[in-house]
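Numbering (this note's numbering), first residue to last: 14 to 507.
Even glycine gets a Cβ: it sits at the ideal position worked out from N, Cα and C.
Quantities reported herein were computed from a predicted structural model and do not represent experimental measurements.
Contents: one structure, followed by commentary.
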């Protein structure tokens, strides 16, 4: 038996509500991936002497050394998108695996089954990549007319244009990349999905004999390795900052080449440590809830102990956004304080109108805020995936609890506690870790006064908003319990 691609596409379009949810999540993830891929493909086109810099972020992209960091940041942001796509593939997996097993029983080969999975990924990721690319191009066209900021230079700092004040776009391109480059970047998303999704689905019994995950937390040895590596990389960064070395010597050149890689390595290893510790944190918090007793604590604690990775999924999705937000808020206050300390004789900054110098030095903060927005979108998708997966996988178990007399209100509350508790711990640590970077930098150098303009209330508000998003997603997932615990839905899953 050999399936044609058209027949594989028809089989890949079948399924129930869980399958439609999985395909919708794949579409959203591919659209977001196409935006990031197109943005990464745009960065090299801004290099060169003939490229203008008529926007705030254009100044950042024209500098090749700085734009390489932006390119790396965009590529790193693509990793959470891939992680979310992998999780989205698992939504509705039991029903899909039963259909694939029935297909094998009807005489289909293993290659035919993989073709069905590959076709589903290719079709839906293509449908998502196209609007993602259109959204990216439209945003770049509209942004210069919508996102503008005022500036006012001092008389002794007038630029070559001779203008003392005006407006400048926040985001805009003077030179556009070739259209084929953007199309190729967006087309790479469905191509990668068609290659990687069958490998992810290979964990199903119909495609491989790999045992299912046992639900144990990740190895603490791996967390210790990540943490030790992060400490070593951070110590190297501090040594490069505080050890006096002549910039024109070979030691200075080597340190100049190694500083940015070591900074990135410290951040990445720190985030990996939090991600690995998330499942262990969920298991330990689950034991505490079980010991404290109570119906809600008992249900949530036992679930967190049985599936710590599933319970910490929402926490993992919030690690990046917590870190970026914690980094951006104090950094903005430090930059403003340092600029005002250098301009003590007044000027336009007193009237809340920044100069071009301040805009240039605040570009890293603007980039961090943009990354925080993107990471917030990824976290929201991750929350939806986590809650949908919990309701889908535990529908039969929840139905049995309802049949035994457990109130649905208790089950919903337990779901909120199970999702929000690990997220509260891990997100708080990520937020503090991000805020510690600029705070320790200025404190260790004896410039603690620069922290006077940091808006700590905004940082606390971001923390509360993240936890509120966790609780809201869990509550919305809990509202689906009546349909998830119905007899028909249980029969469809089983």
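Tell me the rounded alpha-carbon separation between residue 411 and residue 320.
If you draw a straight line from the Cα of residue 411 to the Cα of residue 320, it comes to about 15 Å.
- Is it buried or exposed for residue 444, if we count other Cβ within 10 angstroms and need 16 for buried? buried
request  = Find out if the Cβ-Cβ distance for the pair residue 52, residue 87 is shorter than 8 Å.
outcome  = yes
> Under 8 Å, do residue 70 and residue 184 count as touching if we go by C-beta distance?
Replying inline: yes
* The alpha helix (DSSP H) enclosing residue 58, as first and last residue numbers -> Element bounds for residue 58: n/a, residue is neither H nor E.
Which same chain residues end up closer than 7 Å to residue 190 when comparing Cβ atoms and leaving out the 5 residues on each side of it in sequence? Excluding positions up to five away in sequence, the list reads 54, 55 and 58.
Exposure label - residue 131; buried when at least 16 CB within 10 Å: Classification for residue 131: buried.
- Simplified DSSP assignment, three categories, for residue 68: coil
Which value, in whole angstroms, describes the spacing of the CA atoms of residue 428 and residue 297?
-> 17 Å
key: Three-state secondary structure assigned by DSSP to residue 203   = Residue state for residue 203 is assigned as helix, using DSSP reduced to three classes.
Hey, out of 186, 159 and 188, whose CA is closest to residue 180's CA?
A check of alpha carbon separations from residue 180 across 186, 159 and 188 identifies 159 as the nearest.
Item to complete: Give the DSSP-derived three-state secondary structure of residue 125 in the structure shown.
Response: Secondary structure at residue 125: helix, using DSSP grouped into helix, strand and coil.
Give the C-beta separation of residue 41 and residue 148 to the nearest angstrom, bearing in mind that I take them to be a contact with Cβ-Cβ under 8 Å. Actually they are not in contact, since the Cβ atoms of residue 41 and residue 148 sit about 12 Å apart, beyond 8 Å.
### Task
Count the other C-beta atoms from every protein chain shown that fall within 10 angstroms of the C-beta of residue 458, then say buried if there are 16 or more, exposed otherwise.
exposed
Inter-residue Cα distance where the pair is residue 140 and residue 199
Between the alpha carbons of residue 140 and residue 199 lies a gap of roughly 11 Å.
Inset, instruction - Could you pull the start and end residues of the alpha helix (DSSP H) that residue 320 belongs to? - result: Taken as a continuous stretch (DSSP letters only), residue 320 belongs to no alpha helix (DSSP H), as it is neither H nor E.
task: Kindly indicate which residue of 142, 118, 37 and 134 has the alpha-carbon position closest to the one of residue 46.
output: 142
Task: Length of the line joining the Cα atoms of residue 358 and residue 450 - done: Because residue 358 carries a pLDDT of 49, less than 50, the predicted location of this residue cannot be relied on, and the following value inherits that uncertainty. Between residue 358 and residue 450, the alpha-carbon positions lie close to 30 Å from each other.
(Q) So, at 6 Å on beta carbons, what are the nonlocal neighbours of residue 278 in its own chain, with the 5 sequence-adjacent residues on each side left out? (A) 246
How would you call residue 192, buried or exposed, if buried means at least 16 neighbouring beta carbons within 10 angstroms?
-> exposed
**Request:** Grab the span of the alpha helix (DSSP H) containing residue 422 for me, first residue to last.
**Result:** 421-457
(request) Pick out whichever of 144, 156 and 454 has its Cα sitting closest to the Cα of residue 253. (result) 454
*asked:* For residue 322 and residue 472, which I take to be in contact (beta-carbon distance under 8 Å), what is that distance rounded to the nearest angstrom?
replied: That belief does not hold up - the Cβ atoms of residue 322 and residue 472 are roughly 29 Å apart, past 8 Å.
- Alpha carbon to alpha carbon, how far is residue 138 from residue 194? 18 Å
Have a look at 250, 124, 275 and 235 and flag the residue whose alpha-carbon is nearest the alpha-carbon of residue 287. Closest by alpha carbon: 235.
Excluding sequence positions up to five away, which residues of its chain have a Cβ less than 6 Å from the Cβ of residue 4?
Lying before the first or after the last residue shown, residue 4 is absent from the chain, which here runs from 14 to 507.
- Query: Near residue 242, which residues of its chain fall below 7 Å by C-beta distance, leaving aside the five closest residues on each side in sequence?
  - Reply: 282
Check: For the candidate residues 436, 304 and 135, whose alpha-carbon lies nearest to that of residue 291?
Finding: 436
Practice item. Just confirm the distance between the C-beta atoms of residue 347 and residue 467, as a whole number of angstroms; I'd bet it's less than 8 Å. Key: Taking 8 Å as the upper bound for CB-CB distance, residue 347 and residue 467 are in contact here, some 7 Å apart.
Practice task
Sort 38, 424, 477 and 441 by Cα distance to residue 488 and report the nearest one.
Solution key: Out of 38, 424, 477 and 441, 424 has the C-alpha closest to the C-alpha of residue 488.
Original post:
In whole angstroms, what is the alpha-carbon distance linking residue 434 and residue 263?
Top reply: 50 Å
| How about residue 207 and residue 134: do their beta carbons lie closer than 8 Å? | yes
Q) Using the C-alpha atoms, what's the distance from residue 307 back to residue 275? A) Rounded to whole angstroms, residue 275 to residue 307 spans 47 Å at the Cα level.
Q. Which of helix, strand or coil does DSSP assign to residue 510?
A. The structure shown does not extend to residue 510, since the chain is modelled only from 14 through 507, so no value can be given for it.
Taking only three categories from DSSP, how would you classify residue 287?
Looking at residue 287 - three-state DSSP - the assignment turns out to be helix.
Using a Cβ-Cβ cut-off of 7 Å (strictly less than) and excluding sequence neighbours within five positions of residue 289, which residues of its own chain qualify? 231, 235, 236 and 239
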